[in-house]
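Notes follow the structure.
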Amino acid sequence: MDSMSITRTSRHRYPQLQGRARSLLWLVLVLLVALALAAGGCQRVTEPEVPATQTVIDSMGRQVELPKQIAKIVSVSPTATEIVFAVGAGDRVVGVDEYSNYPPEAQDLPKVGGYLDVNVEAIVALQPDVVLVSTIHRETVEQLGSLGIKCVVVEPRNVEDVYTAMLTVAQMSGQSGQAQSVIDQMKETIAAVAAKVRDIPADERRLVFYEVWDDPLMSAGPETYIHEIIVLSGGRNLTEDADTDYPIIGYEVVVARDPHVVIYPTYHGGIGLSAETLSDRPGWSGLTAVRENRIQGIDADIVSRGGPRIAEAVAEMARLIYPELFR
Amino acid sequence: MARVPAGKAGSEGTAGHTTPAARRRWFALALAVLLPLALVMAIGFGSTRIPAGEVVRIIGVGARRAVGLGLPVAPGLPPDTAETIVLLIRLPRTLLAAVCGAALSVAGAAFQAVFRNPLADPYILGASSGGALGAAAAILLGLPATPLARLSLPAAAFVGALLAVMLAYTLARRAGGGSPVVLLLAGVVVGAWTSSLLSLLMYFSGRFLAQIVFWLMGGFGGATWRSLAIVSPYMLAGGFVVVTRTKELNALTMGDDAAMGMGVDAERSRRLLVAGATLLTAAAVAVSGPIGFVGLIVPHLVRLVVGADHWRLLPGAAATGALLMVLADTAARTVLAPSELPVGIITALLGGPFFLWLLTRRGYGAWFGGARR
């Protein structure tokens, strides 16, 4: 602006004002150089931060480029929330979904919607460096991606995957050390259970019916955490031959296979099964589990989420299946 | 009187060129043989195979012991597994499937006559969405899984189905007297509105969503002697009202004026028939959820063979509906064993193409045009 007005003025009064114009031009030049220097200085200060990124490979095999320093994390998956807190990055979580109820401090964080109805606007407002999602959030991932917000899918499918997911989350938030020690503890817990049930012969391993739901009657298939937890606890899953993850089964399947133990999920003091309820089902009063009253509840969240508490779930399941071995 | 032109499509049934009377005899005979056969076969099939001879023997034993009313075979003793499965699980389940198939088919035939509309099915007045709303409410109220609370779901579904139809009926009477077209519209609107309430409940249902969805797909997985005992009185009452009104049904298919000429009070018969058919439908919905297509297709299929006279159509539809539902439930239990499919998926999957095939048959489409003129 200034230089514009100067040139315009100098066109008319060039001979008289030459000296003053020159000094003004010099002043402007000096100011411009100073500004450029200042800007350049600024650039030099921020340079190590802005371009420095890291590449993360998530549970779906996607390569996601993230800033090297992760300061703000949003998690819309209860499993991912548990993992972030377990690896010691919980203080950087700025928002979670409504179902993220563990650890307790996650419950006090701002909510960004439910499981299927994630509120994209709420996430954008939090300006996170990364959003942890599960595989059902495909649409959310696309929406957030178009707004320049990066998502990492955290969806482990078995215990081995849980370790991998924990390491991935730990690495991106610079917490690898703590993650490794948590994983070592988990492996120790599972190994301790394995040591106690190792000598039970295959034909004496107790048959476990895990009742996922009562109406319709649902069980757990061979590709689920529940199945893996039962096997790691030294039991046999009643429906290890099912084609689907949570097959609907008839009452007759349970009667014909006659489980030794019935385990059902408890939802924070919700529905509970009892010998009375089970005996009410047609033909179930003669079941071994009912006659010997081996009907037990287990926290639904620790068995269905592939989180850091899965080792705890194995220990608990083993205690329910073989109470005499774990006193 | 309301003779079906499709009678000329002679390749129907077992024989080539037969008179309608002979064809009807063959049809009756086939049903009389196939229905018991299907029942025995259905009870033998499942995640555990039980030979037909063994099935018959066990049923004989059970009949002699007269355990039929939900009493445990012998309390305290570990019972024989095959006996338990046949007597306490598969027999009540198969019978319930048969009864519901029959009820839905008879109700469908009645509604098609009452509305003079081939598209009518048992759920035309909102019984399925009303029942679903009741069931969803019962599920969400989250009663503990105690034996008594297990009855709250069918009870709520039954009441919901009745209320929806009563609402449609009351609205229709206010709007247009006894006109069947107004009733049809009221039913469709009440059904849609009830569905939106159901969607609202489902949106807030959290982890109960899956249970509501599975209920909506329909099935006999929870069947017990008790569920059979609960629905039987309503089925008998509703069935009696409809089956004893074959003359009125025949008259109504020809229009109110013609009915009046035959000495039938169209509006009164319609009211009673709607009540009876609704009772049948609501009872079925209560224990099995809404199972589609059976109540729509079976009346058409049977009409094709025995003609439109309800004196023959209703028993034929009842037997055919029972047979098809038993077969569908057997498929539901066996194709993915040990998993089960909801039976509503099977009836819709097979029923849709079958109905289209029926429509493309020479002469059958014409009957619709003819009947509605």
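Going line by line, the protein sequences match chains R and Z. Its first residue numbered 0, the first sequence is counted upward by one per residue in numbering that gives the first Met the number 0. Its first residue numbered 0, the second sequence is counted upward by one per residue in numbering that gives the first Met the number 0. The beta-carbon is built from N, C-alpha and C at its ideal position, and this holds for glycine as well.
Residue i to residue j span [Cα, whole Å]
i	j	result
Val158/Z	Leu143/R	46 Å
Trp356/Z	Phe292/Z	14 Å
Ala20/Z	Arg280/R	48 Å
Gly262/Z	Phe354/Z	35 Å
Gly306/Z	Thr329/Z	29 Å
Arg22/Z	Asp308/Z	15 Å
Val83/R	Ala164/R	10 Å
Arg267/Z	Val180/Z	16 Å
Gly173/R	Gly147/R	22 Å
Gly45/Z	Arg256/R	13 Å
Leu200/Z	Arg311/Z	43 Å
Ala274/Z	Val93/R	59 Å
Pro74/Z	Ala285/Z	Confidence at Pro74/Z is low in this model, with a pLDDT of 43, below 50, so the placement of that residue should be treated as unreliable; the coordinate-derived value is given next. Going from the Cα of Pro74/Z to the Cα of Ala285/Z covers about 29 Å.
Ala108/Z	Leu295/Z	8 Å
Pro289/Z	Lys246/Z	29 Å
Leu313/Z	Pro264/R	47 Å
Ala276/Z	Leu303/Z	22 Å
Ser194/Z	Val164/Z	13 Å
Ala347/Z	Gly217/Z	11 Å
Arg374/Z	Leu33/Z	Any question about residue 374/Z goes unanswered here, given that chain Z covers just 0 to 372.
Phe114/Z	Leu184/Z	11 Å
Ala370/Z	Arg56/Z	Here the model assigns Ala370/Z a pLDDT of 43, short of 50, so the residue's position is not dependable, and the following value carries that caveat. Going by the C-alpha atoms only, they are around 49 Å apart.
Ile247/R	Ala209/Z	11 Å
C-beta neighbour in chain Z for residue i, strict 8 Å
i	result
Asp298/R	no
Asp240/R	yes
Thr243/R	yes
Ala219/R	no
Ile225/R	no
Glu222/R	no
Tyr250/R	yes
Leu206/R	no
Gly282/R	yes
Pro258/R	no
Ile229/R	no
Pro103/R	no
Strand pairing of residue i, partner residues [DSSP]
i	result
Tyr209/R	Ile262/R
Lys110/R	Val95/R
Asp298/R	Thr265/R
Thr52/R	Pro66/R
Ile247/R	Met217/R
Asn292/R	Answer is none; Asn292/R lacks a bridge partner.
Ile72/R	Val92/R, Val129/R
Asn118/R	The partner list for Asn118/R (beta bridge, DSSP) is empty, contrary to what the question assumes.
Arg326/R	None, per the DSSP bridge assignment.
Ala235/R	Reading the sequence as shown, one finds Arg at residue 235/R and not Ala. Note: Arg235/R sits in a beta bridge opposite Leu206/R.
8 Å Cβ cutoff, residue i in contact with chain R
i	result
Leu313/Z	no
Thr223/Z	yes
Gln111/Z	no
Phe203/Z	no
Gly220/Z	yes
Ser231/Z	no
Leu335/Z	yes
Phe213/Z	yes
Ile88/Z	yes
Ile84/Z	yes
Thr346/Z	no
Ser198/Z	no
Glu339/Z	yes
Ser287/Z	no
beta-carbon residue i near the ligand HEM non-hydrogen atom, thresh 7 Å
i	result
Thr346/Z	The ligand HEM is absent from the structure shown, which contains no ligands of any kind.
Chain B within 8 Å of residue i, Cβ atoms only
i	result
Pro77/R	Given the protein chain composition of this structure (R and Z), no chain B is represented.
Point to revise | Length at least 4, wholly inside the region 307-366 of chain Z: the alpha helix (DSSP H) runs in chain order | key: 309-333, 342-359
**Study point:** Residue ranges of each alpha helix (DSSP H) within the region 132-192 of chain R, 4 or longer
**Key:** 137-145, 158-171
Check your understanding: Whole beta strand (DSSP E) runs in the region 247-290 of chain Z with 3 or more residues, listed along the chain?
Key -> none
Point to revise | Contact the region 179-198 of chain R vs the region 131-141 of chain R: 3+ CB pairs below 8 Å | key: no
Point to revise | Cβ pair count under 8 Å reaching 3, the region 294-303 of chain Z against the region 190-210 of chain R | key: no
Point to revise | Entirely enclosed alpha helix (DSSP H) segments - the region 167-242 of chain Z, minimum 4 residues | key: 179-202, 208-216, 224-242
Exercise for review: Would you check if there are 3 or more beta carbon pairs closer than 8 Å linking the region 226-235 of chain R to the region 222-241 of chain Z?
Suggested key: no
Exercise for review: Decide yes or no for the touch test of the region 84-95 of chain Z against the region 212-224 of chain Z: beta carbon pairs closer than 8 Å, at least 3 of them.
Suggested key: yes
Check your understanding: Can we say the region 146-160 of chain R touches the region 52-61 of chain R, given the rule of at least three CB pairs closer than 8 Å?
Key -> yes
Exercise for review: Flag this pair as touching only if the region 236-243 of chain R and the region 330-347 of chain Z have three or more C-beta atom pairs under 8 Å; answer yes or no.
Suggested key: yes
Check your understanding: Is the region 315-325 of chain Z in contact with the region 97-112 of chain Z, if contact means three or more CB pairs nearer than 8 Å?
Key -> yes
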